[in-house]
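Residues are numbered in the numbering used here as their position in the sequence shown, beginning at 1, plus a constant of 20. Notes follow once the structure below has been shown.
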Amino acid sequence: MTQATQTLSTNQLQREIRKLEQELATLKRTNLWKIDRRVSQLLRAIDDSPKSLEKSKLRGQLLAIAATALISFNLAHSQDYSPNFDWFKPNLEQVQETATQPEVKPESDLAKPVETLHATSLHLTPFAQKIKQVAANINADPIDLATLISFETAGTFSPSIRGPIVKDRGRAVGLIQFMPETSRELLTTSEALAQMSQVEQMDYVERYLVKRGFKGGGLKQLYSTVFAGHPNARGSISDGYHTLDSAVERMNREHRGRAIALLSGKSLEKTPDQINKSHIYKWAPEFQKNPKQEDIIAGYKVSSPRGWRIHPISGKRQYHQGVDLATPAGTVLYAIADGWVECSRGGAAGLYATFTSEEFPTLQFKLLHLSRCLVEPGQKTKVSRKKVIAHTGNSGGSTGPHLDLRIKSSSSGNWLRVRSGWLQWFLTGEQP
Numbered sequence: 021m022t023q024a025t026q027t028l029s030t031n032q033l034q035r036e037i038r039k040l041e042q043e044l045a046t047l048k049r050t051n052l053w054k055i056d057r058r059v060s061q062l063l064r065a066i067d068d069s070p071k072s073l074e075k076s077k078l079r080g081q082l083l084a085i086a087a088t089a090l091i092s093f094n095l096a097h098s099q100d101y102s103p104n105f106d107w108f109k110p111n112l113e114q115v116q117e118t119a120t121q122p123e124v125k126p127e128s129d130l131a132k133p134v135e136t137l138h139a140t141s142l143h144l145t146p147f148a149q150k151i152k153q154v155a156a157n158i159n160a161d162p163i164d165l166a167t168l169i170s171f172e173t174a175g176t177f178s179p180s181i182r183g184p185i186v187k188d189r190g191r192a193v194g195l196i197q198f199m200p201e202t203s204r205e206l207l208t209t210s211e212a213l214a215q216m217s218q219v220e221q222m223d224y225v226e227r228y229l230v231k232r233g234f235k236g237g238g239l240k241q242l243y244s245t246v247f248a249g250h251p252n253a254r255g256s257i258s259d260g261y262h263t264l265d266s267a268v269e270r271m272n273r274e275h276r277g278r279a280i281a282l283l284s285g286k287s288l289e290k291t292p293d294q295i296n297k298s299h300i301y302k303w304a305p306e307f308q309k310n311p312k313q314e315d316i317i318a319g320y321k322v323s324s325p326r327g328w329r330i331h332p333i334s335g336k337r338q339y340h341q342g343v344d345l346a347t348p349a350g351t352v353l354y355a356i357a358d359g360w361v362e363c364s365r366g367g368a369a370g371l372y373a374t375f376t377s378e379e380f381p382t383l384q385f386k387l388l389h390l391s392r393c394l395v396e397p398g399q400k401t402k403v404s405r406k407k408v409i410a411h412t413g414n415s416g417g418s419t420g421p422h423l424d425l426r427i428k429s430s431s432s433g434n435w436l437r438v439r440s441g442w443l444q445w446f447l448t449g450e451q452p
């Protein structure tokens, strides 16, 4: 906005508020003047807007976003402001009183919308308060730290969540996925960490980050410390699934919102990723891993795992998004939940089925090279759990009878990991 007094429509004001929210996700303490200036400009624009606009609603939305940002910087009780924050400071006394006496409610929510908003934001869980304390101790942005923890725990913030087994290293656990050797380094065990509360385990998060040399920085430095064991890894470093840079990009896209909600006292809804991984983490450890060449799943051998390979037909080096299992033609495939099956025919995939279910939000399971599908190509039908939906075959670009299972995210459009348990489930009809 070039002029503070410019008259804007409701849609224009809402766009400006959303733009500010995006900016606040990356602003640091050094940008406090910018926060003050932008909020003050928008408040004046709302005041100068036509009377027909919902001014109180727009003001509440703007102040909610801005107050959350200030609270994330631990500024709500601080007197060391550089800017004046005239739009925020008059409410601090009421905020502090309400925060220390939560049973006293404002006489009217409509009369005191800002005070109610701030009180709600300051009613943080002990875990959220601990994240802010640890972040202050290590000179990190609490939103960055909470974003990292959300990513590492698939959005659950669970101190007992376990990752897949890593060959020769064991299984990670907890808020930043402590490996067994890391647990020993911190003079504890994986079992002990899994029994801790969120607040208790945050002490070990802080010890680990300090021990590995983290002395302040942003999300990339935090994740580098967890990912590579030190805070200054190159962005191109990879573990075979993602690079440091791509992981940080995903965190900002998928987990920063949950971090902000946690640190502003809002309730957290389960994300699709959290729901889907909750199924995976119920499986036996051997089914959580990525299939390897020659692995046996449901009695059938893995003939081509996911990853780079020389294509058996073209002879070119290509990335294989699925997992091939050498099944005889006619091997039965089952619905793994109540859902929908759509049958299609096309190109190298041959006859294939797409299975979707509300139990696995955003996941599309593609079963390729079939000999038979439940309905005709181009048709879609509802199915119940354990119903036979297809038979494996040799259609399309194939050198022999097999099942090629691929999993795609309908939200991101990305192809996802195909764990052993998904193959086991489609081939047996029984959850691993």
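Beta carbons: idealized from backbone N, C-alpha and C, even for Gly. Small disclaimer: the values here were computed from a predicted structure and weren't measured.
The Cβ-Cβ distance between Leu345 and Val322 falls below 8 Å.
Selection Pro381, Arg405 and Tyr372 evaluated against Arg392 yields Tyr372 as nearest (Cα-Cα). Between Gly327 and Leu78, the alpha-carbon positions lie close to 49 Å from each other.
Counting every other CB atom within 10 Å of its CB across the protein chains shown gives Gly370 a total of 16 or more, marking it as buried.
Taking the C-beta atoms as reference points, Leu195 is found no nearer than 8 Å to Pro311.
Residue environment for Arg204: exposed (fewer than 16 other C-beta atoms within 10 angstroms of its C-beta). For Leu394 and Tyr339, the gap between their C-alpha atoms comes out near 29 Å.
Under the Cβ criterion (8 Å, minimum of three pairs), the stretch 176-193 does not count as touching the stretch 230-245. Distance check between Ser418 and each of Gly367, Ser29 and Thr374 places Gly367 closest, using alpha-carbon atoms only. In the three-state scheme derived from DSSP, where H, G and I count as helix and E and B as strand, Gln338 is classed as strand. Listed as beta-bridge partners of Arg329 by DSSP are Gln338. Residue environment for Ser170: buried (at least 16 other C-beta atoms within 10 angstroms of its C-beta).
Met216 and Glu226 have their C-alpha atoms roughly 15 Å apart. The C-beta of Gly236 has fewer than 16 other C-beta atoms within 10 Å across all chains shown, which makes the residue exposed. Of the candidates Glu379, Ala253 and Ile280, Glu379 places its Cα closest to the Cα of Ser298.
DSSP lists Val403 as the bridge partner or partners of Gly359. In the three-state reduction of the DSSP assignment, Trp303 falls in the coil class. Leaving aside the five residues that flank Gln399 on each side, the residues in its chain whose CB is nearer than 8 Å to its CB run, in chain order, Glu362 and Cys363. With three or more CB-CB distances shorter than 8 Å, the stretch 163-182 counts as touching the stretch 271-287.
Of the residues Gly342, Ser287, Gln153 and Asn159, the one whose Cα lies closest to the Cα of Trp435 is Gly342. Put simply, of Asp265, Arg405, Arg182 and Ala304 the residue whose alpha carbon is nearest the alpha carbon of Ala355 is Arg405. Boundaries of the alpha helix (DSSP H) around Gln444: Ser440 to Thr448. Taking 8 Å as the upper bound for CB-CB distance, Gly416 and His389 are in contact here, some 5 Å apart.
For Tyr320, the closest alpha carbon among the candidates Val408, Val246 and Leu423 is that of Leu423.
Between the C-alpha atoms of Ile295 and Thr382 there is a straight-line separation of about 10 Å.
Proximity of the stretch 144-159 to the stretch 249-266 falls short of the contact definition, fewer than three beta-carbon pairs being nearer than 8 Å. For Pro200, the uninterrupted alpha helix (DSSP H) segment begins and ends at Pro200 to Glu205.
Using a 10 angstroms sphere on the CB of Glu36, the tally of other CB atoms reaches 16 or more, which defines it as buried.
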